[in-house]
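Novice:
Numbering (my numbering), first residue to last: 10 to 104.
#1: Using the Cβ count rule (16 or more neighbours within 10 Å means buried), how would you classify residue 87?
#2: Closest to residue 57 by C-alpha separation, out of 51, 65, 50, would be which residue?
#3: Just curious, the beta strand (DSSP E) that residue 84 is in, first and last residue?
#4: Going by other Cβ atoms of all chains shown within 10 Å of its Cβ, with 16 needed for buried, is residue 69 buried or exposed?
#5: According to DSSP, simplified to helix, strand and coil, what is residue 20?
#6: Rounded to whole angstroms, what's the CA-CA distance from residue 74 to residue 39? Just pull it up for me.
#7: Between residue 35 and the ligand COA, is there a pair consisting of the residue's CB and a ligand heavy atom that are separated by less than 8 Å?
#8: Starting from residue 98 and walking both ways along the alpha helix (DSSP H), at which residues does that stretch end?
#9: Which one or two residues does DSSP pair with residue 42 in a beta bridge?
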């Protein structure tokens, strides 16, 4: 077993409506701009259950769930640690 295989973690993957995204800009008022894996740029909301518990910064990799009624907006559902994001890049899930 190589070092990569032994250090590999099972990471949370996108569910039906979710897509990978990278935070590009902090807007304030619990809102950020994200560049999604589907090529869209959206305004994403940090939900109340994540505020003050999970700190989101620029260049973080997150999972977002685009809104059904407004495709240019989304909710953040998950933030990946830096090591987890590196693993996703190595495995080819994100660019």
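Glycine included, every Cβ here is placed at the ideal spot set by N, Cα and C. Note that the structure is predicted; figures quoted are calculated from it, not measured.
Specialist: Inspection of the coordinates gives the following:
#1: Residue 87 sits at position 78 when you count from the first residue of the chain shown. When all chains shown are included, residue 87 counts as buried.
#2: As a first step, residue 57 must be located in the chain shown, where it is residue number 48. For residue 57, the closest of 51, 65, 50 by C-alpha to C-alpha distance is 65.
#3: Along the chain shown, read from residue 1 onward, the residue named residue 84 stands at position 75. It spans 82-88 - the beta strand (DSSP E) in which residue 84 sits, taken as one unbroken run.
#4: Looking up residue 69 in the chain shown gives position 60. Residue 69 should be labelled buried.
#5: For this step, residue 20 is matched to residue 11 along the chain shown. Residue 20 falls in the coil class under three-state DSSP.
#6: As a position in the chain shown, residue 74 is number 65, starting the count at 1. As a position in the chain shown, residue 39 is number 30, starting the count at 1. When rounded, the distance between both Cα atoms is 16 Å.
#7: What this structure holds is no ligand at all, so the ligand COA is not there to describe.
#8: To locate residue 98, count along the chain shown from 1; it is residue 89. Looking at the DSSP string, the run of the alpha helix (DSSP H) that includes residue 98 is 91-99.
#9: Here residue 42 refers to the residue found at position 33 when the chain shown is read from its first residue. Residue 42 pairs with 34, 52.
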